[in-house]
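In the UniProt record's numbering, the protein residues as written are 1 to 1127.
Structure (structure tokens):
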């Protein structure tokens, strides 16, 4: 039953699905008979809508068949209807796609319309601009045409946007349709089909609206195009107006130019051409007026046409009216243009004829100039001159005149040809009015006018050049003469300049010689005079050449001759100045020789002084011998300098009267004496270098010895003080350097001595040859170099000596640092001892008033010991810092190459070392004072202890007296008293022994000498350790003594109490006495028991770690308690 019910439902749904699809297809195909599956609706009848459903049992009632037949065919029908539904949906989608494509095409069409409307707007805008340029203002019609185009463009854009909107909506619907799935079940077929049908209806509506937008855009496009066409015609009319006006102006200009060019001309062709220009100018004016009127009419017609751009027929008619008016303006402008061209042709004919006339005249004058130039050249060739370049200018000038005459003839012919061409061009326009012919004729006439103008210019230029060549020919010979005198003056000036240079060179050798300087000034003055005359000659020659090149005529040749004579006079004066300059140069040479000889003498004596100085300082015999040679050479230099001075002064005295040859002879003699003085100077300098080298050798030797002494002293100090001083190595290194440098100085001194001997022989051979002088100079330079090396070696040796001395002081600083450290250690020990002593005096101070003063003294000594320990530490720190500075400065001095900086480092190192030694001594003194204060603190503490002990003893003795007074029986009083006294004496003896031991300990501490240089550091450390142990033992003994003292006091008191108790037991006590005695006994018992317990604890704490001793002490404590109870 369930299966049958399911089958029934399936059949029901299939039939419903098929029914829905059939109805849908029928509706679609009725609306769209062209669809691909349009036949599907033809067989649909109303019977399909009469199918009903039996709601009670689910069976379908079909008018054409039974229920069983439907069941049998349901499977096959289901598949057929599903396929049919899919085909119908695809057809709907295709229809939607086709409509979307049409919408897109409409949008594209609208875009094209907008683009064309925009192009029309651009045309109208450009037309408005051009009209404004032509008229100088914007016309009303142009503005309205542009505004109409702008309005149409804006509306077209809006229509395009509408089309785009419909396109976008249609594309969206198309995408929606394409996303619909294929039919898979009968129940969804009708739903999908209905949705697609709805989308199709909407897309159809979009298509209609897009077509409307396209149509609107195209309408606006047409409006814009009409507006643009009207604007173009307006522009054309105003351009015609402007062109006609320009043609009128050009015609008037042609008439003006022709009239000006023809001024004074009587040629018939010129007169006829002027008449033509005037006639055509009048025609151009008339046509310009017509064009202006036509433009105005075009403006009015355009305004009317713009009003009907939206009406197709009226717009076209009105536009034709505008175009006709514009054509009228253009025709008038064309006529004006033709008249302009004819006027210009006539103008060119006038200009051509005038140029031809002028060219003929210029050619004639040029030939006249040529004839004169040839005559001048013939006369000029008879004059012979040395300057071929200048003489060649005569022929060149004549040839130039001939050539320019030929050029003028040619220009005349060219002008005539051009005139003929212009005449032909004008005649070619007779009876013709087409623009092409007119323009061609104008071009030919214009070119002919240019050729004629050029020919005229060429003829004029040729004439000018011919005249210039004529002048050049006549004056060339005079220019050559002036040039020759100029060259002569130049030669004299050059020689005078050489003399001045010679005089200046000599004067530079003797800058302190006033006469030499004066002679140089004379030479310079004469050179200036020669240069001045040279300039005069050059000026005269230049002026002659300038005068020859002037355009002036008349007395030009006379001027050139005058300038040539001026050049000759200047050359003579230059020669005289040259001679005087050479005489002055000889005087300067003689005076320079005098000064050089004097300088040689001074240098020789300076060398002698240097040699003597180093010889005296060094005490070297070899240096003294060299100084003797220098002295001899200085004397010779002095003699030769005197001779040179005599000759030089004689030269100066005759310089204004003597001849040049006499001056030269005397000056040479003075130079000979000066050379001899220079030889003596060289010998003196050689001897001085030898003396320096020998002295350097001696100084280096002494520096080595001093460095050796410093090194040894440093080693001895370090050994004596038992200090491992690092600076000893620096001293050793410095000594090695000093030895090396001393050997270098010795070797260089030996070389200098040998080379000096050789050089002295070579000096005598020098007789003025430059090569020989150069050899001697080189030899002397080499000797000076080696002497300098010897001196430098000595300086290095001295530096090494200084380094050794610095190292010695650094060693002293290291020793001081070591002592300072020991002082700090000793002061520290003293400070601790004083502190312990002061602490040990505090308890006695509490027990007895008599111990207070000694306790305060111990405290004061403790403070002073601590201060001195701090002082020792501070001084030791300074010593350490100064030692570091000294070491750093030693290192800096060792590396420093600059002398000043080296000396600074040396001074700093020595000062630091000296300060270190002082502070080391101060540290030792402070440590000694600290030790003394520690000793005094210990003594004061012992006094305080004794005072406390004595006070305690007095109190005990007073107790014994009381016990004796109240005791009547019991123990043997005499024996007990003796026992107590013996115990007190034993205690006193023990205290005296302890004091002696403490004094012995302090004497041991005082025997430790601070800074004992005879003992090794290890021994000092052992002593310090022993002192520390002794102090610890002293501390232990002091505590034991204190405990023993307390114990003895307690025992004595117990014994006394026993005695008192015994005595009192022997006699009947009274009530008061008995009460007092019992009370005292109870108090004593409590005190003694407490003291006994404290004593036991102290002993146990003192003896730490020995279990057997501790057990024994505990037993001792029990016995002591029992003893006290038994009392």
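Positions of the beta carbon are idealized from the N, C-alpha and C atoms, including for glycine.
Problem - From 361, 246, 411, residue whose alpha carbon lies closest to that of residue 341 - result: What you label residue 341 is simply residue 341 of the chain shown in a count that begins at 1. Here the closest residue by C-alpha is 246.
Exercise for the section: Would you be able to state if there are at least three C-beta pairs under 8 Å between the segment 460-476 and the segment 428-440? Expected result: no
Practice task
Inspect the CB distances between the segment 108-125 and the segment 217-234 and report whether three or more fall short of 8 Å.
Solution key: yes
Exercise for the section: Count the other C-beta atoms from every protein chain shown that fall within 10 angstroms of the C-beta of residue 799, then say buried if there are 16 or more, exposed otherwise. Expected result: Looking up residue 799 in the chain shown gives position 799. Buried, since its Cβ has 16 or more Cβ neighbours within 10 Å.
Practice task
Please say whether residue 166 and residue 210 have beta carbons closer to each other than 8 Å?
Solution key: Residue numbering aside, residue 210 sits at position 210 when the chain shown is read from its first letter. Residue numbering aside, residue 166 sits at position 166 when the chain shown is read from its first letter. Contact flag set, yes.
Problem - Local Cβ density within 10 Å of residue 268, reported as buried at 16 or more and exposed below that - result: Looking up residue 268 in the chain shown gives position 268. It is exposed - the Cβ of residue 268 has fewer than 16 other Cβ atoms within 10 Å.
Practice task
On a CA-only basis, which of 126, 115, 780, 470 is nearest residue 375? Give me that one, please.
Solution key: Mapped onto the chain shown, residue 375 falls at position 375. Of the candidates 126, 115, 780, 470, the one whose C-alpha sits nearest the C-alpha of residue 375 is 470.
Problem - CB contact flag (residue 159, residue 202, <8 Å) - result: On the chain shown, residue 159 is found 159 positions in, with the first residue counted as 1. On the chain shown, residue 202 is found 202 positions in, with the first residue counted as 1. No, these two residues do not count as a Cβ contact at 8 Å.
Problem - residue 843: first and last residue of the uninterrupted alpha helix (DSSP H) it sits in - result: Stepping through the chain shown from its first residue, residue 843 is reached at position 843. It spans 842-847 - the alpha helix (DSSP H) in which residue 843 sits, taken as one unbroken run.
Practice task
Measure the CB-CB distance between residue 270 and residue 346 and report whether it falls below 8 Å.
Solution key: Position 270 of the chain shown, counted from the start, is the residue given in the question as residue 270. Position 346 of the chain shown, counted from the start, is the residue given in the question as residue 346. Their beta carbons are not under 8 Å apart, which means residue 270 does not touch residue 346 by this criterion.
Problem - Beta-carbon proximity of residue 673 to residue 643, cut-off 8 Å - result: Here residue 673 corresponds to residue number 673 of the chain shown, with the count starting at 1. Here residue 643 corresponds to residue number 643 of the chain shown, with the count starting at 1. It is a contact, given that the beta carbons lie within the stated cut-off.
Problem - Supposed contact pair residue 254 and residue 344 - C-beta distance, whole angstroms, cut 8 Å - result: Mapped onto the chain shown, residue 344 falls at position 344. Mapped onto the chain shown, residue 254 falls at position 254. So it is a contact: roughly 5 Å between Cβ atoms.
Handout entry: Local conformation of residue 167 per DSSP, three classes
Key = Along the chain shown, read from residue 1 onward, the residue named residue 167 stands at position 167. In this structure, residue 167 counts as helix in the three-state DSSP scheme.
Practice task
Measure the C-alpha to C-alpha separation of residue 669 and residue 620 and round it to an integer number of angstroms.
Solution key: The residue given as residue 669 occupies position 669 in the chain shown. The residue given as residue 620 occupies position 620 in the chain shown. Rounded to the nearest angstrom, the two C-alpha atoms are 41 Å apart.
Exercise for the section: Check residue 100 in the structure and name its three-state DSSP category. Expected result: Residue numbering aside, residue 100 sits at position 100 when the chain shown is read from its first letter. Residue state, collapsed to three classes: helix.
Exercise for the section: For residue 305, I'd like the list of residues in its chain whose CB is within less than 8 Å of its CB, leaving aside the five on either flank, ordered along the chain. Expected result: Taking the chain shown and counting its residues from 1, one reaches residue 305 at position 305. The residues are 226, 230, 315, 318, 319, 321, 322.
Handout entry: Complete alpha helix (DSSP H) runs within the segment 450-508 (minimum length 4 residues, chain order)
Key = none
Handout entry: Residues of its chain near residue 367, where Cβ-Cβ distance is below 6 Å and the 5 sequence neighbours each way are ignored
Key = Here residue 367 refers to the residue found at position 367 when the chain shown is read from its first residue. If we look at residue 367 and ignore the five residues flanking it on each side, its Cβ neighbours are 405.
Handout entry: Buried or exposed (CB count within 10 angstroms, at least 16 for buried), residue 371
Key = Within the chain shown, the letter at position 371 stands for residue 371. Exposed, because fewer than 16 other Cβ atoms sit within 10 Å of the Cβ of residue 371.
Exercise for the section: Inspect the beta-carbon positions of residue 823 and residue 926 and report whether they are closer than 8 Å. Expected result: To locate residue 823, count along the chain shown from 1; it is residue 823. To locate residue 926, count along the chain shown from 1; it is residue 926. Going by C-beta atoms, residue 823 is nearer than 8 Å to residue 926.
Practice task
Have a look at residue 854 and residue 950 and give me their C-alpha separation to the nearest angstrom.
Solution key: Counting from one through the chain shown, the residue named residue 854 turns up at place 854. Counting from one through the chain shown, the residue named residue 950 turns up at place 950. Their backbone Cα atoms lie some 14 Å apart in a straight line.
Problem - Sequence-distant residues of the same chain with beta carbon closer than 6 Å to residue 564, five excluded per side - result: The residue you call residue 564 lines up with position 564 of the chain shown. Excluding positions up to five away in sequence, the list reads 478, 481, 482, 544.
Problem - Rounded distance between the beta-carbons of residue 681 and residue 604, thought under 8 Å - result: Mapped onto the chain shown, residue 604 falls at position 604. Mapped onto the chain shown, residue 681 falls at position 681. The Cβ separation is near 4 Å, so the contact holds.
Problem - Residue from 494, 557, 511 whose Cα sits closest to the Cα of residue 534 - result: Translated into positions along the chain shown, residue 534 becomes position 534. For the residues 494, 557, 511, the minimum Cα distance to residue 534 belongs to 494.
Exercise for the section: Please check the pair residue 801 and residue 706, which I expect to be a contact at CB under 8 Å, by giving their CB distance rounded to whole angstroms. Expected result: To locate residue 801, count along the chain shown from 1; it is residue 801. To locate residue 706, count along the chain shown from 1; it is residue 706. About 5 Å separates the two Cβ atoms, so the contact holds.
Problem - Bounding residues of the alpha helix (DSSP H) (the contiguous stretch that carries residue 621) - result: Working through the chain shown from its first residue, we reach residue 621 at position 621. 621-653 is the span of the alpha helix (DSSP H), which, as asked, contains residue 621.
Exercise for the section: In the DSSP assignment, find the unbroken alpha helix (DSSP H) run with residue 282 in it and report its ends. Expected result: Residue mapping note: residue 282 aligns to position 282 of the chain shown, counting from 1. Unbroken alpha helix (DSSP H) run through residue 282: 268-306.
Practice task
Determine the burial state of residue 109: buried for a count of at least 16 other Cβ atoms within 10 Å of its Cβ, exposed for fewer.
Solution key: Along the chain shown, one-based indexing puts residue 109 at 109. Looking at its Cβ environment, which holds 16 or more other Cβ atoms inside 10 Å, residue 109 is buried.
Problem - Burial state of residue 805 (16 or more Cβ within 10 Å) - result: What you label residue 805 is simply residue 805 of the chain shown in a count that begins at 1. Buried, by the Cβ-count rule.
Handout entry: Neighbourhood of residue 812 by C-beta, 7 Å cutoff - its chain only, sequence neighbours within 5 removed
Key = As a first step, residue 812 must be located in the chain shown, where it is residue number 812. Around residue 812: 717, 913, 917.
Problem - Length of the line joining the Cα atoms of residue 948 and residue 844 - result: Within the chain shown, the letter at position 948 stands for residue 948. Within the chain shown, the letter at position 844 stands for residue 844. Straight-line Cα distance between these residues: approximately 5 Å.
Handout entry: Best match in 892, 952, 489 for proximity to residue 573 [C-alpha to C-alpha]
Key = Taking the first residue of the chain shown as position 1, residue 573 is located at position 573. The shortest C-alpha separation from residue 573 is found at 489.
Exercise for the section: Report yes if the C-beta distance between residue 453 and residue 421 is below 8 Å; otherwise report no. Expected result: As a first step, residue 453 is located in the chain shown; it is residue number 453 there, counting from the start. As a first step, residue 421 is located in the chain shown; it is residue number 421 there, counting from the start. Result no, Cβ atoms of residue 453 and residue 421 do not sit closer than 8 Å.
Exercise for the section: Using a threshold of 8 Å, state whether the C-beta atoms of residue 1132 and residue 933 are closer than that. Expected result: The question about residue 1132 has no answer here: the residues shown for the chain are numbered 1 through 1127.
Exercise for the section: Taking all protein chains shown into account, decide if residue 232 is buried (16 or more other Cβ within 10 angstroms of its Cβ) or exposed. Expected result: Mapped onto the chain shown, residue 232 falls at position 232. It counts as buried.
Handout entry: Continuous alpha helix (DSSP H) stretch holding residue 708: start and end
Key = The residue you call residue 708 lines up with position 708 of the chain shown. Note, residue 708: alpha helix (DSSP H), 660-720.
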